[in-house]
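2 protein chains.
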Amino acid sequence: MARLVDIAELAGVSVGLVSRVLNDDPATRATPETRERIMRLASELGYRPHYAARALKFARTNTIALVVPDLTNAFFAELTRGVEDESRRLGYTVLLGRSESLTDQTQISRLLDEGRVDGFLLQGRDDETTQSLTRLIGRAPVVLINSRIENRPGNVMIDDRAAARTATEYLLERGHRKIGLINGLPTSLTARRREEGYKEALQAAGISPSADRITRLGYEVSSAAPAVDWVMSRRDPPSALVVANVNAALGVLTHARHLGHRVPKDLSVIGIHDAWTADHTWPPLTTVRMPLYELGIRAVAALKDRLSGCDATDHIVRSVPPQLIERESVASLT
Amino acid sequence: MARLVDIAELAGVSVGLVSRVLNDDPATRATPETRERIMRLASELGYRPHYAARALKFARTNTIALVVPDLTNAFFAELTRGVEDESRRLGYTVLLGRSESLTDQTQISRLLDEGRVDGFLLQGRDDETTQSLTRLIGRAPVVLINSRIENRPGNVMIDDRAAARTATEYLLERGHRKIGLINGLPTSLTARRREEGYKEALQAAGISPSADRITRLGYEVSSAAPAVDWVMSRRDPPSALVVANVNAALGVLTHARHLGHRVPKDLSVIGIHDAWTADHTWPPLTTVRMPLYELGIRAVAALKDRLSGCDATDHIVRSVPPQLIERESVASLT
DNA sequence: TTGTACGCGTTATCAC
DNA sequence: GTGATAACGCGTACAA
Numbered sequence: 023m024a025r026l027v028d029i030a031e032l033a034g035v036s037v038g039l040v041s042r043v044l045n046d047d048p049a050t051r052a053t054p055e056t057r058e059r060i061m062r063l064a065s066e067l068g069y070r071p072h073y074a075a076r077a078l079k080f081a082r083t084n085t086i087a088l089v090v091p092d093l094t095n096a097f098f099a100e101l102t103r104g105v106e107d108e109s110r111r112l113g114y115t116v117l118l119g120r121s122e123s124l125t126d127q128t129q130i131s132r133l134l135d136e137g138r139v140d141g142f143l144l145q146g147r148d149d150e151t152t153q154s155l156t157r158l159i160g161r162a163p164v165v166l167i168n169s170r171i172e173n174r175p176g177n178v179m180i181d182d183r184a185a186a187r188t189a190t191e192y193l194l195e196r197g198h199r200k201i202g203l204i205n206g207l208p209t210s211l212t213a214r215r216r217e218e219g220y221k222e223a224l225q226a227a228g229i230s231p232s233a234d235r236i237t238r239l240g241y242e243v244s245s246a247a248p249a250v251d252w253v254m255s256r257r258d259p260p261s262a263l264v265v266a267n268v269n270a271a272l273g274v275l276t277h278a279r280h281l282g283h284r285v286p287k288d289l290s291v292i293g294i295h296d297a298w299t300a301d302h303t304w305p306p307l308t309t310v311r312m313p314l315y316e317l318g319i320r321a322v323a324a325l326k327d328r329l330s331g332c333d334a335t336d337h338i339v340r341s342v343p344p345q346l347i348e349r350e351s352v353a354s355l356t
Numbered sequence: 023m024a025r026l027v028d029i030a031e032l033a034g035v036s037v038g039l040v041s042r043v044l045n046d047d048p049a050t051r052a053t054p055e056t057r058e059r060i061m062r063l064a065s066e067l068g069y070r071p072h073y074a075a076r077a078l079k080f081a082r083t084n085t086i087a088l089v090v091p092d093l094t095n096a097f098f099a100e101l102t103r104g105v106e107d108e109s110r111r112l113g114y115t116v117l118l119g120r121s122e123s124l125t126d127q128t129q130i131s132r133l134l135d136e137g138r139v140d141g142f143l144l145q146g147r148d149d150e151t152t153q154s155l156t157r158l159i160g161r162a163p164v165v166l167i168n169s170r171i172e173n174r175p176g177n178v179m180i181d182d183r184a185a186a187r188t189a190t191e192y193l194l195e196r197g198h199r200k201i202g203l204i205n206g207l208p209t210s211l212t213a214r215r216r217e218e219g220y221k222e223a224l225q226a227a228g229i230s231p232s233a234d235r236i237t238r239l240g241y242e243v244s245s246a247a248p249a250v251d252w253v254m255s256r257r258d259p260p261s262a263l264v265v266a267n268v269n270a271a272l273g274v275l276t277h278a279r280h281l282g283h284r285v286p287k288d289l290s291v292i293g294i295h296d297a298w299t300a301d302h303t304w305p306p307l308t309t310v311r312m313p314l315y316e317l318g319i320r321a322v323a324a325l326k327d328r329l330s331g332c333d334a335t336d337h338i339v340r341s342v343p344p345q346l347i348e349r350e351s352v353a354s355l356t
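These protein sequence lines map, in sequence, to chains Y and Z.
When you read off a place in the first sequence, starting at 1, and then add 22, the result is the number in our numbering.
When you read off a place in the second sequence, starting at 1, and then add 22, the result is the number in our numbering.
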């Protein structure tokens, strides 16, 4: 509400001086006395620099957009928390958008052309291809979360291989040898990396991965039923399932019950990512917790770098290792 | 990227004319020919009016902030969808904030003083009192969602009484007479209204509500366990529970199992609000679905009214009645 | 019918 | 040390 000119008038000085004092301009060493008067008036009037005026002046908004497919998803909620916290620390405001509504390139470039945001944090949908992603972001300053485009720097991801490896090893340690993987869509980079981790763990245990034990139908709850149907109807079905996403894992639990498999007695299930809901399934779901909060922090830092000109390097968040949350959905065969 | 002056130069006209043509100024009836040229150039260059420049000019941002306690909550996610859809329709941009980070009045008035937003949509936390709410919002243009302050117009809510009545009646119809209520905190207006609806239904069936059957510990999952402990340890415990929130209902299911009560055989449970997670509990949770999406739409409309000067009237969203989602957590006693 | 000039609030570049 | 002034992009009252 209060403007520089208001303070200037009351202090009997010029707007320029007020601006310089308030911004600690080193070139200006104002009289301690006037300086004091200006500061006091500013705080009394509750002066706040006008956002639009600054944005106009600097051609920079200090606002970034975070685009995620679905706010409901606990996965994204924790990511969002990390993004918000780090943004506040760095002086950014976050504009939150679902990719549903920011689905086409127009929306993105519009936000940019209108000068509403400086850049984007984009967590694509599972079924997003490199092409659709490239088309979507155009030449906008974007940091990709959990995906990557060739020759385009600036992306951050979690250690999907470690996640899947950790989950698989946990099952191996409990005597399971026939382990299935309920994976995300093959278009998804994270799904491919999780599959690598799963196979790595299997091979390290002297087991050769079988195509009959892997489905790639998606991360959503709804994709769980057909996946379980398929994998459990193979010859020699698995005794345990690594589910690449905690939401899909809930669906697996429900559908397994529907088919008459008792978890964990007949079938063990472990999910990647943790969520509060995993405490309230039956049986409670064992999961591998991943550092999504830290991922959000890294993403903001990477975008800041990108906006500052320095090319952000790709980054896999490894500062916090995958963490096993043992509940009751995995049985020991030994 | 492209400015009015760019178009003006290429079209060989003045910026003023370009502006008027692009804004369909009725006072200006430009030559169809120049008009055509301007429009073509604008679309070719992908012209977008600069957000900050407009905001500075009009002292209005067409941006509103939506403040909710927790994005994870499916309740708020659906509300958010409604808010976003209606905002886009009305030309608003939505700034999403958790109330965690917007906890004190400074944050709110700061957003306002900086001219970042025109107004707020505020869904307070369950434990927010009228005092803390009043302090929080100050004189800011706010529409309250699911709460109210005396003598302060502008709030929207769902029909909490109808919700609780519907849930209670459903249990009554199935022969239950001893029905408990696991309610939100007594500070919460919605909790008080739900309690009214619950009692109404009971009394209409000739049953007088008993204090021994009501807890008021909160809407969160974590509040469920102590609530169930208490209500089930009374003399003559209930055969069915109305849980005032779907998340708390998940906690009720889990804790009931922990205590050895089989749902629905020993104890029936019905939750208010629906969420996808209710499909994946055991047993699947019967709920009363409330029109949260429509609530979001109404909230935006109310804020628009408030910002336009016309005092928004209080509004209870009744366009969509409570909808029973029958799953398997309620048994019939008859 | 169209061009010119001013102001929105801020900062930076000059003079004094 | 401090004050005047131009500029950021837009819309509009006024002049032509």
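The beta carbon of each residue, even a glycine, is placed where N, CA and C say it ideally should be.
Here the structure is a predicted model, which means the values were calculated and not measured.
Own chain partners of Ala271 (chain Y) with C-beta closer than 7 Å, once the 5 adjacent residues on each side are dropped: Val265, Val291, Gly293, Leu307
Across the stretch 150–168 of chain Z and the stretch 185–202 of chain Z, are there enough close Cβ pairs to call them in contact, namely three or more that are closer than 8 Å? no
So which of Z:Ala184, Z:Ala186, Z:Glu108, Z:Arg147 has the shortest CA-CA distance to Arg170 (chain Z)? Z:Arg147
Take Val116 (chain Y) as the anchor and find which of Y:Glu350, Y:Gly318, Y:Lys200, Y:Arg279 has the nearest alpha-carbon. Y:Gly318
Mind checking if Ser245 (chain Z) is an interface residue toward chain Y, Cβ cutoff 9 Å exclusive? no
Between which two residues does the beta strand (DSSP E) carrying Leu117 (chain Z) extend? 115–120
Does His283 (chain Y) pass the burial test, meaning 16 or more other C-beta atoms within 10 Å, or should it be called exposed? buried
Under 9 Å between beta-carbons, which chain Y residues line up against Asp301 (chain Z)? List them in chain order, please. Val243, Leu272, Gly273, Thr276
Under 9 Å between the Cβ atoms of Val89 (chain Y) and Arg120 (chain Y)? yes
Does the beta-carbon distance from Ala324 (chain Z) to Val165 (chain Z) come in below 9 Å? yes
Which of helix, strand or coil DSSP assigns to Leu263 (chain Z): strand
Answer yes or no: does any C-beta atom of chain Y fall closer than 9 Å to that of Glu217 (chain Z)? no
Would you list the residues sitting across from Asn205 (chain Y) in a DSSP beta bridge? Y:Arg238
From the DSSP output, in three-state form, read off Ile229 (chain Y) for me. coil
Which residues in chain Y sit within 7 Å of Asp135 (chain Z), going by Cβ to Cβ distance? Met23, Gly68, Arg70
Is it buried or exposed for Asp182 (chain Z), if we count other Cβ within 10 angstroms and need 16 for buried? buried
Which residues, in order along the stretch 168–200 of chain Z, keep a beta-carbon less than 7 Å from a beta-carbon of chain Y? none
Ordered list of beta strand (DSSP E) runs contained in the stretch 118–206 of chain Z, each at least 3 residues: 141–145, 164–167, 177–180, 201–205
So Gly202 (chain Y) and Arg238 (chain Y) are in contact, right, with Cβ under 8 Å, and what is the actual spacing, rounded? Incorrect: roughly 12 Å between the Cβ atoms, too far for contact.
Quick one: which chain Y residues come within Cβ less than 8 Å of Trp298 (chain Z)? Thr94, Val243
Proximity of Ser255 (chain Z) and Lys200 (chain Z) at Cβ, strictly below 9 Å: no
Please list, in chain order, the chain Z residues whose beta carbon lies closer than 9 Å to that of Arg138 (chain Y). Tyr73, Ala74, Thr85, Thr115
Could you list which residues in chain Z have their beta carbon closer than 7 Å to that of Ala77 (chain Y), in chain order? Ala74
Taking a cut of 9 Å between CB atoms, which residues from the stretch 97–116 of chain Y lie near chain Z? Phe98, Ala99, Glu100, Thr102, Arg103, Glu106, Asp107, Arg110, Thr115, Val116
Taking a contact to mean a Cβ-Cβ separation below 9 Å, would you say Ala353 (chain Y) touches Pro286 (chain Y) in this structure? yes
Given that Leu118 (chain Z) touches chain Y, what residues does it touch there, using C-beta distances under 7 Å? Leu118
Please determine, among Y:Asp47, Y:Thr212, Y:Gln153, Y:Thr303, the residue with the shortest C-alpha to C-alpha distance to Met179 (chain Y). Y:Thr212
Counting C-beta neighbours from all protein chains within 10 Å, is the total for Arg320 (chain Y) 16 or more, i.e. buried, or is it exposed? buried
Is Ala247 (chain Y) near His280 (chain Y), with beta carbons less than 9 Å apart? yes
Mind pulling the beta strand (DSSP E) runs of 3 or more residues that sit fully within the stretch 60–110 of chain Z? 85–90
Any Cβ of chain Z within less than 9 Å of the Cβ of Arg279 (chain Y)? yes
Cβ of Ser131 (chain Z) less than 9 Å from any chain Y Cβ? yes
Okay, do the stretch 74–85 of chain Z and the stretch 46–60 of chain Z touch, 3+ Cβ pairs below 8 Å being the bar? no
Out of Y:Val253, Y:Val339, Y:Ala223, Y:Tyr241, which has the shortest C-alpha to C-alpha gap to Ala233 (chain Y)? Y:Val253
Leu358 (chain Y), DSSP secondary structure in three states: Lying before the first or after the last residue shown, residue 358 (chain Y) is absent from chain Y, which here runs from 23 to 356.
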